[in-house]
Amino acid sequence: MYKLIALLALLVNVCLALPPAERNRRELTSLRLPNTTVPTHYDLYLDTDVHLGVMEYSGNVRISITILEDTNQIVLHSLRNVIHRLELSSNQLPVPVEGFELDAEKEFLVITTSNVLVAGTYHVLDIDFSNSLDRDDKAGFYVSSYETEEGETRYLGVTQFEPCDARTAFPCYDEPSIKTTYNIKIACGLDYNAKANSPALGVQILPGGKKVTTFQTTPRMQSYIVAFLVSDFITERQISKEPHQIAVSTLARPTAAHLLSYSVDASVKFLRTMEEYFGQSYAMSKMDNVAVNDDHFWAGAMENWGLVTYRESAILFDPETQPDSDKVGIVSIIAHEYVHQFFGNLLAPKWWSFVWLNEGFANLYQFYLADISHPETNMRSRFGGVREAALRNDGDPTIRAMTHYVEDRNEVKRLFDGIAYSKSASVLHMFNYVFTETTFQKGLRYYIQLNKDNGVVEDQDLFDSLQQAVVEDARLPLSLTMHEVFSSWSNQPGAPLVTVTRVGTTNEYLFTQERFFTDPQETAPSQTWWIPITYSTSSGAGIFWMPPGVSGVSYEIVGEQIMFDPESTGYYRINYDLQTWTNLIYDLYENTNSFPRLSRSRLIDDSMQLAHAGKLDYGTAFKVIDYLQEETEFIPWATAASNFEYLHRMLRHDEEALQDLENYVAQLAEKLLFEYGYDSVKGESADALDTRMIALRWACNNNQQCREAASKRIETMRKRSSFVINSKSDQQMMCNELRRINYGDYATMVENLRSMHDQRTRSIMIDAITCAEDKTVINDLLVSLSSNDFKEIEKLQIIQNMFKNSNVGLNTVMEMLSGPEYLSKINLSNRNLPKLLQTLADYVVEPAAANKLIALVEREAPTQLLTVQAKLRANQSWIQRNAAIVSSMLKNPAQVDLP
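Here our numbering is used: the first residue of the sequence shown is -2, the next is one more, and so on.
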């Protein structure tokens, strides 16, 4: 009896213990469930015929329910399900039901009973329903397919429920805070197999050439991570026995049997590393990775508990054709989804407002822990790119805060953005460094242990656990709490700019803070943060906290060669007085390696972004950039390359300025090209491969030997009429020569592409073809997208490459997309078209093109209009403020002298 009362109390807490602000919103809105009832268990049965190519399926769900408040209604979610029978019982006796209705706007199934259901009583809701896998949104329980070697199409059923699509597969309580257990049974053809979150208990043969698989009871979990798969996929499995047994598998189409081994091995290594790091065992005895056709899976990957789904290109690896450096991407995505098994699955968010508690941790620890499980990847050092992307995104004046409340399903989907992933990971990264990894790790272990039984969390739970750890280890001044410090980052949008001014030649430094905007604002909000300022000197390192709500604070720092945020972990930008900039630049040239490579990256990114925003003169920024002529490491060059790409798209309407930019960067990258050469080296690191790609991108076109080598390779392929490029390095090396491709070569490449089946090679070939800058070639390729030769993901790749690579491509794409029938011919989904138009806005800088894009968005994706208009205004503002200055500097690189 005690266990029953405790369970009821736990369920009440899960449903009702909301933050006051959230509770108030619940009273004012109605898109969330009323929570007068709560499920305690599901028995779900699905009967499928996808093995026959039949998309319809039938099902039955029996939901055990506890009544929390006296009511005559049971409200849950249901969308797309056809209800055939609905019965309610209590203690195996029928409970009269007056009727039920489907509320399409709220996606509710509302059941009205004849009598009041009394709080504390238990009922079973029994529903027979039918549905279909045939849907084009690639969500819910839907159909995917592949082609056999004989050309036969084979179908399979797979799920994608996050965030709000479990309700579209079966009636359920589809909110993230509602966790309970599931017993699942699935019927399918004899030559197919069913998979679900938990291991199979047994298989029973049915009449008519079918079987039903029964699965073990799941842990308590929320609806959006329920998952099932019905397919004829093959499996490669590895049993890891210590410290407890887990069967780890990868499943894929039979023709991919030779591509599974690396993902299985990487999964076992990472899973064990993660368990040890967080001091928590994985909850199930099996973990399945499922490789789904790229064109049938928009999410990229999904962390379903025990049954993780991925795009094929993200998880499959061919040791015969792929370089070892491709393993980095596979390890990274496995790591991200596996971290979710703890942060997101074991600990679920009370509402989508706190989705950053899922995605922030997954995004951070895919780098941290992959660096431990697979040290050859150097993953941790690559996190700097995440932080830089987050800071750029956070410079938008319309950006949201990390904790942000919405209810509508489309608004919920939009929460899965750069703030949830990159910013939250960067803020966590900052605190991990500030409090030391040992203390932060301790806090996260507390967080898991204190909340895993309840299984539902909000930000205050994280703050409580971190507070316990930092107090024990004395990592935070006694006057501060984790709640007030962390809340200043999670509850307001944007990121700070810290300006450091040295007082004369003394050891005193003045620090001020303000919100940083990429595009200067006439009236800016007054925002401040608790900012941890870290520094190092020749005599040691230190930290102090800059408080919010003050105009400035002074701090005395003794020592030479002072460096602020030396490991580039702070989630803020830093500006200096001119003399300090001059000193830093001098030291950077004289003793480059005295700056950690992440610190060099910070100087590059901060100086250029500050110049764009009018906070620093471009002369100083280019003096920082010019040191790159002696730089050969990947991390600083990756940062520089992203800044050069931005300048490239902002200046390419001006051919002369664009040529000056390419000449300037080519000179900087000349040593890089010499260091890394033209060709991949077997067994080389991902850092080496990616650095070579940067060198080829920026230096090859201005290097006579490189251009001649590229021309020879193209001529060799031309003579053989092969034109097959399967190396990323070859593609990038040839790209500059392929800009001027003739129509005959283009036609040969397209014909070869049509006959290719290997997805990786197809992707490389598309990147090669879309280097073209000839309008006839671009137009012809865009027209060809209406055929069945290209998957949707390839159509997007082609269109995006075209408008990213050149102004000719941009204008041609704009003309084509604006035509009355083109979009209907190429048939882009409602999910992908808005994303495409948003990305296109980043590259539109001329007023005529901007007006054309606005008209297109108004017609095709009106919900994205405000976002697109904001991007276009920011681009125009940059052109007006900065284009002439940057163009002038690029015309005379000699003015960028050593300090």
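Don't be surprised by glycine CBs; every beta carbon is placed ideally from N, CA and C. Quick caveat: nothing in here was measured; it's all calculated off a predicted structure.
Taking a 10 Å sphere around the C-beta of Y39, we find 16 or more other C-beta atoms and assign the residue as buried.
Note on geometry: alpha-carbon atoms of M746 and R759 lie some 11 Å from one another.
In the displayed model, S591 falls within a helix according to three-state DSSP. Taking C-beta atoms under 8 Å as the contact rule, L361 and L425 qualify, at a distance of about 5 Å. Proximity to L99 across S75, Q89 and S86 peaks at S75, based on C-alpha coordinates. Contact annotation: S815 and L853 have beta-carbon atoms nearer than 7 Å. Around T215, the same chain offers T178, Y179, N194 and S195 as residues with beta carbons nearer than 6 Å, after the five sequence neighbours per side are excluded. When beta bridges are read from the DSSP output, K207 appears opposite G186 and L203.
Below 8 Å, enough C-beta pairs join the stretch 25 to 35 and the stretch 55 to 73 to call them touching: three or more.
Within the same chain, and ignoring the five residues on either side of T232 in sequence, the residues whose Cβ sits closer than 6 Å to its Cβ are S246 and L248.
Distance check between L412 and each of G357, N57, E553 and L114 places G357 closest, using alpha-carbon atoms only. According to DSSP, R737 shares a beta bridge with no other residue. A straight line joining the alpha-carbon of R710 with that of I766 spans about 15 Å. Note: F340 is bridge-paired with L344 in the DSSP secondary-structure output. Remark: C-beta atoms of P831 and A858 approach each other more closely than 7 Å. DSSP places C703 in the helix class (H, G or I) of the three-state scheme. Counting along the chain, the unbroken beta strand (DSSP E) around L494 starts and ends at P493 to R499. Rounded to the nearest angstrom, the gap between the Cα atoms of T400 and E385 is 21 Å. Judged by DSSP secondary structure, R77 falls outside any beta strand (DSSP E); it is assigned neither H nor E. Contact between I331 and A254 does not hold, since their C-beta atoms are separated by about 19 Å, which reaches or exceeds 8 Å. Among the bridge pairs identified by DSSP, F225 is matched with A193. Within a 10 Å sphere around the beta-carbon of I528 sit 16 or more other beta-carbons, which makes this residue buried. In this model, A871 and T496 are separated by some 24 Å (Cα to Cα).
Put simply, the stretch 597 to 615 touches the stretch 514 to 526. At least three CB pairs are less than 8 Å apart. Within the DSSP bridge table, the entry for E233 names T247 as partners.
Here the stretch 533 to 547 makes no contact with the stretch 439 to 449; the two share fewer than three CB pairs at distances below 8 Å. Counting every other CB atom within 10 Å of its CB across the protein chains shown gives R594 a total of 16 or more, marking it as buried. For Y840 against K801, the beta-carbon gap comes to about 6 Å, under 8 Å, which counts as contact.
The continuous stretches of beta strand (DSSP E) do not include A101, and DSSP gives it neither H nor E.
Y743 sits in a helix when the DSSP states are folded into three classes.
Note that the C-beta distance between I183 and T156 is not below 7 Å. For S565, the number of other beta carbons within 10 angstroms of its own is at least 16, and it is reported as buried. Under the three-state reduction of DSSP, H38 is assigned to strand.
Following the DSSP letters along the chain, one finds W695 inside the alpha helix (DSSP H) bounded by residues A683 to A696. If the five residues before and after S783 are omitted, its C-beta is found closer than 6 Å to the C-beta atoms of K822 and I823, all from its own chain and listed in chain order. Within the DSSP secondary-structure output, A298 pairs in a beta bridge with Y307.
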